[in-house]
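Trainee: Take this structure first; my questions come after.
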Amino acid sequence: AASGNRLTLGIGLSHKIVIESMLGMSYEKPVRHLKEYLSVLMPLSRNEPASFAGETYNVHGGISAKGSNGFGVVVAALGEQMLRVTAAMAEGTLTWCTGPATLSSHTIPTINRAAEEFGRPTPRVIAALPVCVTNDKAAAAERAAKVFAVYGTLPSYRAMLDKEGAAGPADIAITGSIAEVQDRVAALADIGVTDFAAVEFGATPDEIAETRAAIKGLL
0 AASGNRLTLG IGLSHKIVIE SMLGMSYEKP VRHLKEYLSV LMPLSRNEPA SFAGETYNVH
60 GGISAKGSNG FGVVVAALGE QMLRVTAAMA EGTLTWCTGP ATLSSHTIPT INRAAEEFGR
120 PTPRVIAALP VCVTNDKAAA AERAAKVFAV YGTLPSYRAM LDKEGAAGPA DIAITGSIAE
180 VQDRVAALAD IGVTDFAAVE FGATPDEIAE TRAAIKGLL
């Protein structure tokens, strides 16, 4: 209600190292976990009561907010099984560390085929990628390699980078002039990406301002 019914909730399974090593929870059967979680969440997102009894969750109840028409739900789904569950139950996927070739050959066709199979609307595909308007691409690449290094070590992201043939997140970062950045973002729409989430990594006030101007210019 506070957002004027513009809210989209993004959820994900996190990573084994976080769930088990940091939180002390089990990361066994993550796809089942997602199905059960969405079985509870999706009715609530439509202002409907949830009534679900599973192996992980047992929930019977509802919530409501005056003036709310509900909210959309997208899932950080990368692999085939996750994309199929997302197509069946949520509104779309939000990707990270997934380059344009992988989006075109794997993510988009997989989730769209599954949505058609399940009689669901065409899903949203929200692609998040590092982006920086700069006149020094080499420095930007070096900075991206350091800033985003950890993501290349996490199995789910590593799998997407390997599909892309990328050594690390820096290889799929969008850098260059305003025109170059805008052209590469626009090309994502041509392959079926519905939304772009810019992860800025400018090093100077000018780079930050120009990156934001480039993205704003596409709106």
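So for the sequence shown, my numbering puts the first residue at 0; every next one is plus one.
Even glycine gets a Cβ: it sits at the ideal position worked out from N, Cα and C.
To which residues of the same chain is H14 closer than 6 Å at the C-beta, ignoring the five residues directly before and after it?
Mentor: L153
Trainee: Which residue from C96, T92, Y156, V149 puts its Cα closest to that of P129?
Mentor: C96
Trainee: Please identify the residue among D189, I214, A186, I190 whose C-alpha is closest to the C-alpha of E199.
Mentor: Considering only alpha carbons, the answer is I214.
Trainee: Taking the alpha-carbon positions, what's the D194 to S50 distance?
Mentor: 32 Å
Trainee: Please list, in chain order, all residues of the same chain as N68 whose beta carbon is under 8 Å from its beta carbon, the five residues on each side excluded.
Mentor: N4, N46
Trainee: Is there contact between the region 125-140 and the region 200-209, where contact requires at least three CB pairs shorter than 8 Å?
Mentor: When Cβ pairs closer than 8 Å are counted between the two stretches, the region 125-140 is seen to touch the region 200-209, the count reaching three or more.
Trainee: What residue from L102, A87, S103 has the CA that sits closest to T121's CA?
Mentor: With distances taken between Cα atoms, T121 lies closest to A87.
Trainee: Roughly how many angstroms lie between the CA atoms of V30 and E19, to the nearest whole one?
Mentor: 16 Å
Trainee: Using a Cβ-Cβ cutoff of less than 8 Å, which residues in the same chain neighbour T101 once the five nearest sequence positions on both sides are dropped?
Mentor: M159, K162, E163
Trainee: Just verifying my parser: in three-state terms, what is the DSSP assignment at L40?
Mentor: helix
Trainee: The alpha helix (DSSP H) spanning S155 covers which residue range?
Mentor: Boundaries of the alpha helix (DSSP H) harbouring S155: 154-163, taken from the DSSP string.
Trainee: Pick helix, strand or coil for N57, following the three-state DSSP scheme.
Mentor: strand
Trainee: Provide the residue(s) that pair with S50 in DSSP beta bridges, ordered along the chain.
Mentor: H59
Trainee: For V73, which residues in the same chain have their Cβ closer than 7 Å to its Cβ, ignoring the five residues on either side in sequence?
Mentor: T7, G9, A89, E90, G91, T92, L93, R123, I125
Trainee: Can you tell me whether DSSP reads D135 as helix, strand or coil?
Mentor: coil
Trainee: For the beta strand (DSSP E) containing D194, list its first residue and its last residue.
Mentor: 194-199
Trainee: First and last residue of the alpha helix (DSSP H) that includes I10?
Mentor: Looking at the DSSP string, I10 is not in any alpha helix (DSSP H); the run it does join, the beta strand (DSSP E), is 7-10.
Trainee: Would you kindly work out how many angstroms separate the C-alpha atoms of Y56 and L37, rounded to a whole number?
Mentor: 10 Å
Trainee: Measure the Cβ-Cβ separation of L77 and A113 and say whether it is below 8 Å.
Mentor: no
Trainee: Do you know how far the Cα of A165 is from the Cα of G151?
Mentor: So the two alpha carbons sit approximately 10 Å from each other.
Trainee: Who are the near neighbours of A169 in its chain, counting only those whose CB is closer than 6 Å to its CB and skipping five residues on each side?
Mentor: A140, A143, A144
Trainee: Does the Cβ-Cβ distance between P48 and G66 come in under 8 Å?
Mentor: no
Trainee: Can you name, in chain order, every residue of its own chain whose Cβ lies under 7 Å from the Cβ of H105, other than the five neighbours on each side?
Mentor: Cβ within range, chain order: K162.
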